[in-house]
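Enquirer: One structure, pasted below without further comment.
Residue numbers (this note's numbering): 77 to 229.
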């Protein structure tokens, strides 16, 4: 059973991942607005108009990733997987799956959409590793010795 400290760490890591994915998608939105606007005034007006979008993206990201992320966290905690490659790879795969289902069409190019979703997933996985993943399984009390952190392997 996980300790409260471990649960808190995992939730903080998941939120960091959701925020990282939201930041990637929102930055893309701002770049797209900047490149298609007819001037600075038009860009500022459009940016203010869509300023609510990151909140919506965060809510959708959290909702869509809750169950898959919980499964990945359970596996990493159970087997003490602390590899940055594991979390980055799983995040990229989860982002790629979102692109396959095309919940939202962000661009006219499916290839660019896939790249954007995979990048957001990769950023989310790396953010999770930075906050929580590198400590996976530390609080286990089954007598097994803890594995060294990923930076030492």
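Yeah, the Cβ is synthetic: ideal placement off N, Cα and C, and Gly gets one too.
1. Less than 9 Å between the beta carbons of residue 141 and residue 98, yes or no?
2. May I ask you to report which of helix, strand or coil DSSP gives residue 128?
3. Residue 79 by DSSP, collapsed to three states: which one?
4. Roughly how far, in whole angstroms, is the beta-carbon of residue 163 from the beta-carbon of residue 205, given that I think they are within contact range, below 8 Å?
5. For a quick check, are the C-beta atoms of residue 170 and residue 148 less than 9 Å apart?
6. Find out if the Cβ-Cβ distance for the pair residue 201, residue 93 is shorter than 9 Å.
7. Got a sec? Which residues, its chain only, sit under 7 Å from residue 106 by beta carbon, not counting five neighbours each side?
8. Rounded to a whole number of angstroms, what is the C-alpha to C-alpha distance between residue 186 and residue 111?
9. Beta-carbon separation of residue 86 and residue 208 under 9 Å?
10. Alpha carbon to alpha carbon, how far is residue 184 from residue 108?
11. Could you tell me the alpha carbon to alpha carbon distance between residue 152 and residue 120, rounded to whole angstroms?
12. Compute the Euclidean distance between the alpha carbons of residue 176 and residue 194, then round it to the nearest angstrom.
13. Is the separation between the beta-carbon of residue 104 and that of residue 192 shorter than 9 Å?
14. Can you give the beta carbon distance from residue 313 to residue 212, rounded, assuming they're within the 8 Å contact cut?
15. On a CA-only basis, which of 101, 158, 214 is nearest residue 190? Give me that one, please.
Expert: This is what the structure holds:
1. No, the Cβ-Cβ distance between residue 141 and residue 98 is not below 9 Å.
2. Assigned with DSSP and collapsed to three states, residue 128 falls in coil, not helix or strand.
3. In the structure shown, residue 79 sits in coil (DSSP, three-state: anything other than H, G, I, E or B).
4. Confirmed, about 4 Å.
5. It is a contact, given that the beta carbons lie within the stated cut-off.
6. Against a cut-off of 9 Å, the Cβ pair of residue 93 and residue 201 comes out as a contact.
7. Within the same chain, and ignoring the five residues on either side of residue 106 in sequence, the residues whose Cβ sits closer than 7 Å to its Cβ are 123.
8. A straight-line Cα-Cα distance of about 19 Å links residue 186 and residue 111.
9. The Cβ atoms of residue 86 and residue 208 lie closer than 9 Å to each other.
10. Each residue's Cα considered, the two are about 12 Å apart.
11. Going by the C-alpha atoms only, they are around 43 Å apart.
12. Near 10 Å, if we compare the C-alpha coordinates of residue 194 and residue 176.
13. In this structure, residue 192 lies closer than 9 Å to residue 104 by Cβ.
14. For residue 313 there is no data in the structure shown, the boundaries of the chain being 77 and 229.
15. In terms of CA proximity to residue 190, 101 leads the group 101, 158, 214.
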